[in-house]
Structures are given as C-alpha cells and as structure tokens.
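Written below as structure tokens is the structure these notes are about.
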Amino acid sequence: MAKIQVYTKFMCPYCTRAKALLESKGAAFEEIDVTMDRAGFDAMVERANGSRTVPQIFIDDRHIGGSDELAALDQRGGLDPLLHNAAS
C-alpha cells in the first residue's frame, strides 16, 4: 500500500478538499497537523522544497504538492497509477 502523508493545519479548506479526494479513492493516509507544531512545519517546508502552504502531500516520499496539484494529477489520470503501483 502506498505511504501517503498529508501535512495540514486546523480549519484549512484546501486540506479538507485534498483529504476528501484521497478518501474517495479509498487511500489511507497519515495526517500530520502542523497548526501548533513549529518543528513539524519546518520539516514540511524542508521536504516540500520551501513550500510553506498547506496541504503538502507526499506519496511514497514523492512530493505531489498541494490540493490543486493533487486534483490536477487526478484529472490527468496520474493519481490512480501512483496509488495502485505503490500498492503492488
């Protein structure tokens, strides 16, 4: 199964949208809430090549980006193969 990590903040509508898309695919993911976690936020920024917005999504340590990038990946047909190839 794919290892999916989603960095989020409390009350973030983009985070909610990204999580809903992953849930609709039946994908299990680890949510890392960085609302009050400065060290976690700093780690996210480093992993995401300087991106400071949430969500930041990683599938098997591959940086996908945020909610818009995840949705675009799905629209291009690229999300399902990532989820299924990692699961095999």
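In our numbering, the protein residues as written are 2 to 89. Backbone N, C-alpha and C fix where the C-beta goes; we use that ideal spot for every residue, glycine too.
| query | result |
| --- | --- |
| Pair every Cβ in the stretch 30–45 with every Cβ in the stretch 67–80, then say whether three or more of these pairs are closer than 8 Å. | no |
| Measuring alpha carbon to alpha carbon, tell me which residue in Met12, Met37, Gly27 is nearest Ala3. | Gly27 |
| So, under 8 Å CB-CB, Ala58 and Gly51 are touching, yes? Tell me the CB distance rounded to an integer number of Å. | A quick correction: the sequence has Ile, not Ala, at residue 58. About 16 Å separates the two Cβ atoms, so there is no contact after all. |
| By the 10 Å Cβ neighbour count, where 16 or more other Cβ atoms means buried, how is Pro56 classified, buried or exposed? | buried |
| What's the call for Ser89, buried or exposed, on a 16-neighbour Cβ count within 10 Å? | With a pLDDT of only 45 at Ser89, under 50, the local geometry of the prediction cannot be trusted, and no value is derived from it. |
| Fully enclosed by the stretch 6–30, which alpha helix (DSSP H) runs are 4 residues long or longer? | 14–25 |
| Report the residue ranges of all beta strand (DSSP E) runs contained in full by the stretch 45–82; include only those spanning at least 3 residues, in chain order. | 57–60, 63–66 |
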